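Number of protein chains: 2
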Amino acid sequence: MRVLGVDPGLTRCGVGVVDGAPGRQLRMVAVGVIRTPTGDPIHERLNSLAGQLDEWLDQYQPESIAVERVFARNDVSTIMGTAQASAIPMLAAARREVPLALHTPSEVKAAVTGNGRADKAQVTAMITRILALNAPPKPADAADALALAVCHVWRGGAAARIEQATKRAQGR
Amino acid sequence: MRVLGVDPGLTRCGVGVVDGAPGRQLRMVAVGVIRTPTGDPIHERLNSLAGQLDEWLDQYQPESIAVERVFARNDVSTIMGTAQASAIPMLAAARREVPLALHTPSEVKAAVTGNGRADKAQVTAMITRILALNAPPKPADAADALALAVCHVWRGGAAARIEQATKRAQGR
Numbered sequence: 001m002r003v004l005g006v007d008p009g010l011t012r013c014g015v016g017v018v019d020g021a022p023g024r025q026l027r028m029v030a031v032g033v034i035r036t037p038t039g040d041p042i043h044e045r046l047n048s049l050a051g052q053l054d055e056w057l058d059q060y061q062p063e064s065i066a067v068e069r070v071f072a073r074n075d076v077s078t079i080m081g082t083a084q085a086s087a088i089p090m091l092a093a094a095r096r097e098v099p100l101a102l103h104t105p106s107e108v109k110a111a112v113t114g115n116g117r118a119d120k121a122q123v124t125a126m127i128t129r130i131l132a133l134n135a136p137p138k139p140a141d142a143a144d145a146l147a148l149a150v151c152h153v154w155r156g157g158a159a160a161r162i163e164q165a166t167k168r169a170q171g172r
Numbered sequence: 173m174r175v176l177g178v179d180p181g182l183t184r185c186g187v188g189v190v191d192g193a194p195g196r197q198l199r200m201v202a203v204g205v206i207r208t209p210t211g212d213p214i215h216e217r218l219n220s221l222a223g224q225l226d227e228w229l230d231q232y233q234p235e236s237i238a239v240e241r242v243f244a245r246n247d248v249s250t251i252m253g254t255a256q257a258s259a260i261p262m263l264a265a266a267r268r269e270v271p272l273a274l275h276t277p278s279e280v281k282a283a284v285t286g287n288g289r290a291d292k293a294q295v296t297a298m299i300t301r302i303l304a305l306n307a308p309p310k311p312a313d314a315a316d317a318l319a320l321a322v323c324h325v326w327r328g329g330a331a332a333r334i335e336q337a338t339k340r341a342q343g344r
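So the sequences go chain by chain: R and C.
Heads up: the first sequence runs through residues 1 to 172, numbered per my numbering.
Heads up: the second sequence runs through residues 173 to 344, numbered per my numbering.
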């Protein structure tokens, strides 16, 4: 399963592609940050983000997209831009009919560190270990996008295993 | 000038098309509400909204799009969906290279009633008068979309007149 993780933002939008299946070694395929010019009008920035994200989708053809769920309780000054930015990968997933999942930051932290309140350094350290990287992923703030993708592989895998076990138990 | 006003929302997105120029009688071309199924995943709803909005843009070919500016201080329970929904007309404007403006609710109210804190009934009454309609626009919650379009014609017109006057004064 190939997953694209997206940590939405207008100024910096983290993107990370991970190949893997639950119970197997996960592999980082690509990681990066999509930027849009801070001086541009917001609608131009959304369009730029959409265009650059399309390039990632075309190049890596993920089978699933995992986007961080944005909450109203985050920093109010940037929350509107982040919410609008999050609409872009969501719309792209629906347009391309690629399954999409939203994961909260604490779900992601719990998945990769075992602690829903882990700090950034802990998440980065674990992502480096889980993906067997030689060094922490760069740019640093793209580690969250990889963590989203890892979280999705593992959670999706668990969900799939439960579904399979249920079917077996029901003799289907 | 033909303006499409958009009052963004996932469950109900008001749309209104107005033809006009500052100092001339404004004309309502069309008004309606775009709905998306409340039970669907949000990314499917965003895609449905984008598709329906595209039909409005194709049919009415506005020269300008005016979208209500969404604030974080609004109702927190629906604000994320509204912010994400607002990204859809913004993205469409950038894609089609149609000029876009954001107006705050109080700018719109002040433009059509003279009072930035006017209530809904007042806005509807004034929109009915300004557009010389025989009855208040239906559906009722689409009046805000028409008010956005009217606000945009008048504010845009004022801005253009000031610019023209400045140029004349500078002998250009």
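Beta carbons: idealized from backbone N, C-alpha and C, even for Gly.
From a predicted model like this one, the values you see are computed outputs, not experimental measurements.
Give me the Cα-Cα distance between R/VAL33 and R/MET90, rounded to the nearest whole angstrom. Taking the Cα positions, R/VAL33 is about 17 Å away from R/MET90.
So, helix, strand or coil for R/GLY5, using DSSP? strand
Beta-carbon of R/ILE88 versus every beta-carbon of chain C: anything under 8 Å? yes
C/HIS133: contacting residues in chain R (beta-carbon distance under 7 Å): In the structure displayed, chain C extends from 173 to 344; residue 133 of chain C sits before or after that span and is not available.
For R/ALA118, is the beta carbon positioned less than 7 Å from some heavy atom of the ligand MN? You won't find the ligand MN in this model; it holds no ligand whatsoever.
Might you give, ordered along the chain, the residues of its own chain that have their beta carbon closer than 6 Å to the beta carbon of R/ASP19, omitting 5 neighbours on each side? ARG2, ARG27 and VAL29
Taking all protein chains shown into account, decide if R/ASN47 is buried (16 or more other Cβ within 10 angstroms of its Cβ) or exposed. buried
Output, in chain order, the set of chain B residues within a Cβ distance shorter than 8 Å of R/LEU46. Protein chains in the displayed structure are R and C, and chain B is not among them.
If you drop the 5 nearest sequence neighbours on each side, which residues of the same chain put their C-beta closer than 7 Å to that of R/ALA118? Closer than 7 Å at Cβ, skipping near neighbours: LYS109.
Taking the alpha-carbon of R/PRO37 as reference, which of R/LEU10, R/GLU55 and R/PRO22 has the nearest alpha-carbon? R/LEU10
Near-chain C residues of the region 50-82 of chain R - C-beta to any C-beta below 7 Å: ALA50, VAL70, ALA72, VAL76, ILE79 and MET80
In this structure, how does DSSP classify R/GLU44 when only helix, strand and coil are distinguished? helix
Report yes if the CB atom of C/GLY177 is closer than 8 Å to the CB atom of C/ALA321, and no otherwise. yes
What is the rounded straight-line gap between the Cα of C/VAL242 and the Cα of C/LEU272? 15 Å
With DSSP run on the structure shown, which of helix, strand or coil describes R/GLY156? helix
Starting from C/ALA238, follow the alpha helix (DSSP H) in both directions and report where the run begins and ends. Per DSSP, C/ALA238 belongs to no alpha helix (DSSP H); it is in the beta strand (DSSP E), 236-240.
Using beta-carbon positions only, say whether C/VAL325 and C/PRO180 come within less than 8 Å of one another. Contact flag unset, no.
Using a C-beta cutoff of 8 Å, does R/GLN25 count as contacting chain C? no
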